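Q: Below you will find the structure I want to go over with you.
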Amino acid sequence: MKNVTNIFLIIAVISLLSCKKEQGDHNEVIDSSGFVEEYDDIERIEPSNWWVGFKNPKLELLVKDDHISDATPEISYQGVSIDKVHKADSPNYLFIDLLISESAKPGKFNITFKFENGEEKKQTYELKSREKSAEEYVGFDSSDVVYLITPDRFANANPKNDTYPYLKETDVNRSLDFSRHGGDIKGITAHLDYIEEMGFTAIWPSPLLINDMPKWSYHGYAMTDFYQVDPRFGTLQEYRELADKARSKGMKLIMDQVANHCGLEHWWMKDLPFKDWVNHQQKFENNEKVSYSTHRRTANQDIYASQIDKNGMTDGWFVDAMPDLNQRNPFMANYIIQNSIWWIENLGLGGIRQDTYPYPDKDFMSNWAAAIMKEYQNFSIVGEEWSYNPLLIAYWQEGANNKDGYDSNLKSTMDFAMQSLIVQAISEEENWNSGLVKIYEGLANDFVYPSPKDIMVFPDNHDMDRVFTQFKENIANTKMGLSYLLVLPRIPQLYYGTEILMQNSAKPGDHGLIRTDFPGGWEGDPVNAFTGEGLSDEQKDMQSYLKKILNYRKNSKAIHEGKTVHFAPVNGVYVLFRILDEEIVVHVLNKNENPVDLDLKRFEEVGLEGKTLKNIISGEEVIWKDSLKLNGKGSIILTTKI
Ligand code: CA
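The following block contains the structure:
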């Protein structure tokens, strides 16, 4: 079991030790340059490494090995001490609370596990130095537009990693909606230039951690090891390369994390550390049917909710293949928090998207976000609450004046309400209560949000019909919806393929089809959307349309943080302004089929009279005086920035 990595290291350690003693140091068996006699006796220790220099000096190690609870761990390393050792319910776990003082230096040390019978096991552990300061972990904000990617379906840069015989799902079949298609991390990295040129400033790939599940493992939300990249997506090194390359382009990498559940094939499901590690654990261990979440998410806020409804919402399993983690177990709570920090630090992340936000224990989620934001004050987290009710969206955003005193510590929530209203507003007949008034009044709900510009808005995502399908494949309507969304005081997110009119109209609601392969991501694809080869004129037009808006938006302070003023829709025309100093952006939605001369008198308070504005799509210039000619149904974006 003893694994001496290099005999020369021993000699080096001995010589260094004598050197150290002369300098009056403690007699630690290692030094900060990393030379250490390394051991790997323990089956699993998590997190597998840590860093020095965090504000929180505590680290809790999960140690898993046969009857490890019979052992007493010892550490001899300056600045690191064992605060407490906890036995679990299973004899095969120990939880070790370490204190890492400010004086601790980066380096490796051994944890010695001493058994009563005199046996010893040793495990080498590493404390690394942090690669950059905490302030440099800057999260996404309203200056960003996020490109959401389903990695299995975006680009396959390495066909050799498509399948592994030791994993449970071995099929790769691009003709099946729910099979794996082979896309990978390298595929995203290889196309960062395309994403950047389109004008996106952040990427959110759906989860890349291992899902060793027997089927549907491509989506990534049933993780079977929270510390391992799925080899079908690539390696940790490739994930880091993606992060580094994105960062070098000024793009932010957002990691999709799941605190609510794991996959049924998660390694710990065969030997759970505590009796309450997952909810409904006893039923699961007795092979009985577990309870599922009621998915009645309002139970989190409802002042009349019964206890059974509250528990049913948060403790039920999401689906039968996804056990519900019990974040009220303090060891689980630490595990999830440390796991998030491990990934932020390892990848230099520019944000986290947290899945199924209202499903875990909400007090834990508040502590989780607080623990992260304490270490990375410029970071961003967006939580997924699938609700069309602005009151619920507001409840989860930090700073909300909630009656129950709840503060989520969560910077960003998701605007499903606006997503839905945009489609209604543009698709419906104009009337007193229908059509454009839906977004006019929907945006008026911003008064309830602690910070509207930090909320993420999107036309669709990986769980919803493609926006082009939602708009019944009407290009003009789709453009109207997308352009409006991109000028709102929000953080916009678009799903990969929106720019080439990807749709799932043949099978609405079909997740596999929604997550169609991006053309050109696979060698031999007849159409290549990265180069434009084989795209229809309509697809090319949408690509160029979005490219223009996104690239304008990239440098538009008025859109990022300007004041918003909008005017009630009249006769099928709705106008919204974003204003910051000299930059004024005008967005006009016109639902009239025929040309309209828009009387500008009503907009006098904005102060545009006599100014020259440029249409950011056509490049045409107009003088804002008396009236503005609108050429039939559609949207225009004008700017004073010429
Ligand atoms: Ca591949």
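Adding 14 to a residue's 1-based position in the sequence shown gives its number in our numbering.
Note that the Cβ used here is the ideal one computed from N, Cα and C, for glycine as well.
Quick caveat, the model's predicted, so the values are computed rather than measured.
Could you check whether the Cβ of GLY234 sits closer than 6 angstroms to any heavy atom belonging to ligand 1?
A: Within the sequence shown, numbered from 1, the residue matching residue 234 stands at position 220. No.
Q: Quick one: give me the first and last residue of the beta strand (DSSP E) that VAL481 is part of.
A: Here the question's residue 481 lines up with position 467 in the sequence shown. Here VAL481 belongs to no beta strand (DSSP E); instead the alpha helix (DSSP H) covers 481 to 484.
Q: Excluding the 5 residues preceding and the 5 following PHE192 in the sequence, name in chain order all residues of the same chain whose CB lies nearer than 6 angstroms to its CB.
A: Translated into the one-based positions of the sequence shown, residue 192 becomes position 178. Result list for PHE192: TRP230, GLY526, in chain order.
Q: Report the three-state DSSP secondary structure of VAL437 (helix, strand or coil).
A: In the sequence shown, the residue the question calls residue 437 occupies position 423. Reduced to three states, the DSSP call for VAL437 is helix.
Q: Is ASP176 near ligand 1, judged by its Cβ being under 6 angstroms from some heavy atom?
A: Counting from 1 along the sequence shown, the entry for residue 176 is found at position 162. Ligand 1 has a heavy atom closer than 6 angstroms to the beta-carbon of ASP176.
Q: Going by the beta-carbon positions, is the gap between VAL481 and THR512 smaller than 7 angstroms?
A: Walking along the sequence shown from the start, residue 481 turns up at place 467. Walking along the sequence shown from the start, residue 512 turns up at place 498. Judged by their CB atoms, VAL481 and THR512 are nearer to each other than the 7 angstroms cut-off.
Q: Straight-line CA distance for PHE154 to LYS128?
A: In the sequence shown, the residue the question calls residue 154 occupies position 140. In the sequence shown, the residue the question calls residue 128 occupies position 114. Rounded to whole angstroms, PHE154 to LYS128 spans 47 angstroms at the Cα level.
Q: What whole-angstrom Cβ distance do ILE630 and ILE563 have, given they're in contact under 8 angstroms?
A: Numbered from its first residue, the sequence shown carries residue 630 at position 616. Numbered from its first residue, the sequence shown carries residue 563 at position 549. With a Cβ gap of about 7 angstroms, ILE630 and ILE563 count as contacting.
Q: Below 8 angstroms, can you find three or more Cβ-Cβ pairs linking the segment 129 to 142 to the segment 298 to 314?
A: no
Q: Using a threshold of 6 angstroms, is the CB atom of GLY534 nearer than that to any non-hydrogen atom of ligand 1?
A: Mapped onto the sequence shown, residue 534 falls at position 520. Result no, Cβ not under 6 angstroms from ligand 1.
Q: Quick check: what's the CA-CA separation for ASN360 versus ASP258?
A: Start at 1 with the first residue of the sequence shown, and residue 360 comes out as number 346. Start at 1 with the first residue of the sequence shown, and residue 258 comes out as number 244. Each residue's alpha carbon lies about 11 angstroms from the other.
Q: Report yes if the CB atom of LYS182 is closer than 7 angstroms to the CB atom of PRO228, and no otherwise.
A: For the purposes of this step, residue 182 is identified with residue 168 of the sequence shown, where counting begins at 1. For the purposes of this step, residue 228 is identified with residue 214 of the sequence shown, where counting begins at 1. It is a contact, given that the beta carbons lie within the stated cut-off.
Q: Report the CB separation of ILE202 from PRO165 in whole angstroms; it is logged as a contact under 8 angstroms.
A: Numbered from 1 along the sequence shown, position 188 holds the residue referred to as residue 202. Numbered from 1 along the sequence shown, position 151 holds the residue referred to as residue 165. Their Cβ separation, rounded to whole angstroms, is 6 angstroms, which keeps ILE202 and PRO165 in contact under 8 angstroms.
Q: Using three-state DSSP, classify ARG592 as helix, strand or coil.
A: On the sequence shown, residue 592 is found 578 positions in, with the first residue counted as 1. Of the three classes helix, strand and coil, the one that applies to ARG592 here is strand, per DSSP.
Q: How big is the Cα-Cα spacing for GLY364 and GLU575?
A: By one-based count along the sequence shown, residue 364 stands at place 350. By one-based count along the sequence shown, residue 575 stands at place 561. The C-alpha of GLY364 lies about 19 angstroms from the C-alpha of GLU575.
Q: When every heavy atom of ligand 1 is checked, does at least one fall within less than 6 angstroms of the C-beta of GLY657?
A: The structure shown has nothing for residue 657, since the chain only spans 15 to 656.
Q: Mark VAL584 as exposed unless 16 or more other C-beta atoms lie within 10 angstroms of its C-beta, in which case mark it buried.
A: Residue numbering aside, residue 584 sits at position 570 when the sequence shown is read from its first letter. It is exposed - the Cβ of VAL584 has fewer than 16 other Cβ atoms within 10 Å.
Q: When the Cα of THR530 is compared with those of VAL589, GLY362, HIS233, which residue comes out closest?
A: The count along the sequence shown starts at 1 and reaches residue 530 at position 516. A check of alpha carbon separations from THR530 across VAL589, GLY362, HIS233 identifies HIS233 as the nearest.
Q: Residues in the same chain with beta-carbon distance under 6 angstroms from PHE378, minus the five sequence neighbours each way, listed in chain order, please.
A: Working through the sequence shown from its first residue, we reach residue 378 at position 364. Excluding positions up to five away in sequence, the list reads GLN341, ALA347.
Q: Relative to ligand 1, is the shortest distance from any of its heavy atoms to the C-beta of ASN12 smaller than 6 angstroms?
A: The chain is shown from 15 up to 656; residue 12 falls before or after that span and cannot be answered.
Q: Taking three-plus beta-carbon pairs below 8 angstroms as touching, is the segment 478 to 496 in contact with the segment 534 to 549?
A: no
Q: With distances taken from CA atoms, which of PHE168, ILE114, VAL160 is nearest LYS568?
A: In the sequence shown, counting from the first residue as 1, residue 568 sits at position 554. Out of PHE168, ILE114, VAL160, VAL160 has the C-alpha closest to the C-alpha of LYS568.
Q: Express the C-alpha separation of LEU278 and LEU603 in angstroms, rounding to a whole number.
A: Translated into positions along the sequence shown, residue 603 becomes position 589. Translated into positions along the sequence shown, residue 278 becomes position 264. If you take the alpha carbons of LEU603 and LEU278, they lie about 48 angstroms apart.
Q: Would LEU502 be called buried (16 or more neighbouring beta carbons within 10 Å of its own) or exposed?
A: Stepping through the sequence shown from its first residue, residue 502 is reached at position 488. Result: buried.
Q: Thinking ALA236 and ASP198 are a contact (beta carbons under 8 angstroms), I'd like their distance in whole angstroms, please.
A: If you number the sequence shown from 1, residue 236 lands on position 222. If you number the sequence shown from 1, residue 198 lands on position 184. About 18 angstroms separates the two Cβ atoms, so there is no contact after all.
Q: Would you grab the beta carbon distance between LEU113 and LYS72 for me? Rounded to a whole angstrom, and I think it's under 8 angstroms.
A: The residue given as residue 113 occupies position 99 in the sequence shown. The residue given as residue 72 occupies position 58 in the sequence shown. So it is a contact: roughly 6 angstroms between Cβ atoms.
Q: Should the segment 255 to 271 be called in touch with the segment 288 to 301, which here means at least 3 C-beta pairs below 8 angstroms?
A: Contact fails between the segment 255 to 271 and the segment 288 to 301, because fewer than three Cβ pairs, one in each stretch, are under 8 angstroms apart.
Q: Decide if the segment 603 to 612 is in contact with the segment 621 to 629; the criterion is three or more beta carbon pairs, one per stretch, under 8 angstroms apart.
A: Flag = no, the segment 603 to 612 and the segment 621 to 629 do not touch.
Q: Please work out which residues of its chain come closer than 7 angstroms, Cβ to Cβ, to SER519, disregarding the five sequence neighbours upstream and downstream, and give them in chain order.
A: Your numbering for residue 519 matches position 505 in the sequence shown. Contacts found: THR483, GLU487.
Q: Where do the ends of the alpha helix (DSSP H) carrying PHE378 lie?
A: For the purposes of this step, residue 378 is identified with residue 364 of the sequence shown, where counting begins at 1. Start and end: 376 to 389.
Q: Would you mind listing the beta strand (DSSP E) stretches within the segment 559 to 613 that are 3+ residues and don't spill past its ends, in chain order?
A: 577 to 584, 587 to 594, 597 to 604, 610 to 613
Q: Check each candidate in PHE393, TRP356, SER62, TRP331 and name the one with the smallest Cα separation from THR370.
A: Translated into positions along the sequence shown, residue 370 becomes position 356. Of PHE393, TRP356, SER62, TRP331, the residue nearest in Cα terms is TRP331.
Q: Out of curiosity, what's the CA-to-CA distance linking ILE96 and LEU75?
A: Sequence index remark: in the sequence shown, residue 96 carries index 82 (1-based). Sequence index remark: in the sequence shown, residue 75 carries index 61 (1-based). Computed Cα separation, rounded: 10 angstroms.
Q: In the DSSP output, which residue or residues are listed as bridge partners for VAL66?
A: For the purposes of this step, residue 66 is identified with residue 52 of the sequence shown, where counting begins at 1. In DSSP, VAL66 forms no bridge with anything.
Q: Can you tell me which of the three DSSP states GLU42 falls into?
A: Locating residue 42 in the sequence shown gives position 28, counting from the first residue. With a pLDDT of 43 at GLU42, under the threshold of 50, the modelled position of this residue cannot be trusted; read the value that follows with caution. Coil, per DSSP.
Q: Per DSSP, LYS643 is paired with what?
A: As a first step, residue 643 is located in the sequence shown; it is residue number 629 there, counting from the start. Note: LYS643 sits in a beta bridge opposite ASP611.
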